[in-house]
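To keep things clear, I will list the structure first and then write my remarks on it.
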Amino acid sequence: MHLTEDQRDAMQEIANIAMGQAGSLLAELLGNFVNLSVPRIKVLALAQVGPAIRDMVGGDVEVTAVRQSFQGYLKGEALVIYGHNGCKELGDLLGYDGTVEHAEETELLLDVSNILVGACLGGIVDQIKNAIEVEGNTELGFSAPSLMAERVPADALIDPDKLSWTHALLLEVNFTLEGRNFISHLCMLMPEHSIEKMRSILDQFIESL
Amino acid sequence: MSEPTQAIHLPDFIVEWVDVGVFVVNRNMEVTLWNRFMSNHSGLDADAVVGRNLFDCFPDLPKAWLSKKVQGVFLLRNFAFTSWEQRPYLFRFPHNRPITGGVDHMYQNCTFMPVKGASGEVDSVCVTLFDATDVGISQTELKKAMARLAESSNRDGLTGIYNRRYLEQRLSAEFDRCRRYRDHFSFVLFDLDHFKRINDTYGHLAGDEVLCVVSRRIDELLRSVDVMARYGGEEFGVILPATAMQSARILAERIRLVIEREPVEYKGIPIPVTASIGIAEFEAAAPSHEHLIRCADVALYHAKASGRNRVACYAPELEAAAPPA
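Here the protein sequences line up with chains A and B, keeping their order. Here the first sequence stands for residues 7 to 215, where the numbers follow my numbering. Here the second sequence stands for residues -6 to 318, where the numbers follow my numbering.
Pasting the structure below:
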């Protein structure tokens, strides 16, 4: 189930460019410098995802996570994971004013997550579309994002018993806004057949180079 | 589309009549499509809205927020969403449940979709608006019921004050909080003296009345942050946040007095009641909140052993005389 080294490199390249684009779009939207880290990519068995997320956020901290499913020729769920500092500071950036109430904070988290997931996945899909011929409809559809967990220990976020995915493509992106204490992590969970699809797309991508 | 001589264009028909709000705005926030659902609920027909700026037609809309939301869709070419749970409605529409509602307006879930023109660029944004009132009402009722259930599972059935389960839960939380933030609190444990004698002499109903009256009297002495619970049969516990032993002692003395001062009256019969009280203060070095209960219990034992109707503060030297834990 693991990616070959070539496939990993190709995925890395696609993700790098996609994140660069996502970063500049987000910067334009938020009117603020956005720093998106170079994504780290892993294919993990579900049991390893919990510990990986724990490492990602830096150990025993409480996290809040938003989930959003995507459908199309790639299917899966994207998780956006936030450290305990949350994102109160983002309020004014997205057109909220005054103090941030709980409902507004949640709405903000959902909004930011939706933007991150859409920009990142959209970027990846665009890269693939530009490089190779994909049969059928290349647009992904998104369902409304929802709050998955609020202030839970990082390793309690993923309960392998409650998820039907067996493997996950973990695309780890750190997202910081200049001058603002805000870091989030993006994680894409895809079922086996979608990862399989991804692998064949990556092979085509490599051939096209 | 309503011209009888023309064949019905099915997609147009569906958009017009589907029981979901559908409207489209361009980059200038001018409305280019407004379906029947939107007309019916807003009271403004497509003729009155199409071609006009959305905010001119509906000055009540949250302009700054909505503009930014729509701009984001243009820019990112990405779907966007709102949920009734965070933002109950976009448009202030009445809902279809005027009798059984209990909510003021139609709850709405909205999806904002980028519409690409022939050039492939996004030239407008289509918004769908789902009536989520039914879901909202049942969810709200469910939440209320869950809250009531949680509340009643924390209460003592007889006195209505908190029960032991809740007390221990709060004690544990307060213990952790004080340890983390280097704060302090005290825990008071008290017991009605010779309660069995009251039951035997005046009957169990009289005993119940004593428990109720005593908890009401003490409740009036407490601050809103204090937590009083029925710990056992005639035993009560009180958590006093941010309170040192000396202040807790003053309050405990007032508790003792308010119980002793006036007999509890049951069916015209005055029943004299007194209480013995033990106090323990939070110590960061203590292994757990159970240890604090044990210390209060040692102090309470001492108060009883010294003749009852008195307050005792925990001190390590009291341990020697206390029964084993």
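From the three backbone atoms N, C-alpha and C, an ideal C-beta is built for every residue, glycine too.
Collapsed DSSP secondary structure at Asp272/B in the structure displayed: Looking at the sequence itself, residue 272/B is Ile, so the reference to Asp does not match. Of the three classes helix, strand and coil, the one that applies to Ile272/B here is strand, per DSSP.
So, is Asn156/B buried or exposed, given that buried needs 16 or more other C-beta atoms within 10 angstroms? buried
Buried or exposed: which applies to Gly64/A, given that a residue is buried once 16 or more other Cβ atoms fall within 10 Å of its Cβ? exposed
The region 63 to 82 of chain B: positions lying closer than 8 Å to chain A by Cβ: Gln64, Gly65, Leu68, Leu69, Arg70, Asn71, Phe72, Ala73, Phe74, Thr75, Ser76, Glu78, Gln79 and Arg80
Using the C-alpha atoms, what's the distance from Pro87/B back to Met(-6)/B? At Met(-6)/B, the pLDDT of 49 sits below 50, so the modelled position is not reliable; the number obtained from the coordinates is stated separately. Answer to the nearest angstrom: the Cα atoms are 28 Å apart.
For my contact list, Leu208/A and Cys193/A are in at a C-beta cut-off of 8 Å; report their separation, rounded to the angstrom. Incorrect: roughly 19 Å between the Cβ atoms, too far for contact.
Reference Arg249/B; option with closest CA among Pro280/B, Arg80/B, Asp176/B and Leu182/B: Leu182/B
Give me whichever residues DSSP pairs with Lys109/B in a beta bridge. Val115/B
Beta-carbon separation of Leu163/A and Val69/A under 8 Å? yes
Note down, in chain order, each residue of its chain lying with its Cβ closer than 8 Å to the Cβ of Leu293/B, except the 5 sequence neighbours on either side. Leu182, Phe183, Asp184, Ser269, Ile270, Gly271 and Ala305
When we look at the beta-carbon of Val11/B and count the other beta-carbons within 10 Å, is it buried (16 or more) or exposed? exposed
Between the region 125 to 132 of chain A and the region 15 to 25 of chain A, do at least 3 Cβ pairs fall closer than 8 Å? yes
Suppose contacts are defined by Cβ-Cβ distances below 8 Å. Is Cys288/B in contact with Ala298/B by that definition? In this structure, Cys288/B sits away from Ala298/B, with a CB-CB distance that is not shorter than 8 Å.
Give me the chain A residues within the contact set of Thr133/B, using Cβ-Cβ distance strictly less than 7 Å, ordered along the chain. Under the 7 Å cutoff, chain A gives no residues; its nearest Cβ is about 13 Å from Thr133/B.
Could you check which residue in Asn19/B, Arg85/B and Leu215/B has the C-alpha nearest to that of Phe105/B? Asn19/B
Report the CB separation of Val203/B from Val266/B in whole angstroms; it is logged as a contact under 8 Å. 6 Å
Nearest-angstrom Cα distance between Gln64/B and Leu122/A? 15 Å
Below 8 Å on the Cβ atoms is my guess for His282/B versus Ser165/B; work out the distance and round it to an integer in Å. 5 Å
Could you give the residue range of the beta strand (DSSP E) that holds Trp27/B? Val24 to Trp27
Applying a beta-carbon distance threshold of less than 7 Å, which residues of chain A neighbour Thr126/B? Simply none; closest approach about 17 Å.
Short-range partners of chain B found in the region 14 to 25 of chain A, where Cβ spacing is below 8 Å: Answer set for the region 14 to 25 of chain A: empty.
Flag this pair as yes or no: are the beta carbons of Leu85/A and Leu195/A separated by less than 8 Å? yes
In the DSSP assignment, find the alpha helix (DSSP H) that holds Thr112/A and state where it starts and stops. His108 to Ala137
Residue range of the unbroken alpha helix (DSSP H) whose run includes Lys48/A: It is not in any alpha helix (DSSP H) - Lys48/A instead sits in the beta strand (DSSP E) that spans Arg46 to Ala51.
Chain A partners of Thr25/B, CB-CB under 7 Å? Within 7 Å Cβ-Cβ: nothing; Thr25/B doesn't reach chain A, min ~22 Å.
Closer than 7 Å to a non-hydrogen atom of the ligand ZN - does that hold for the CB of His199/A? The ligand ZN is absent from the structure shown, which contains no ligand whatsoever.
Check each candidate in Gly147/A, Val49/A and Asn136/A and name the one with the smallest Cα separation from Glu11/A. Val49/A
Would you mind giving the Cβ-Cβ distance between Asn102/B and Phe123/B, rounded to the nearest angstrom? I have them listed as a contact below 8 Å. 4 Å
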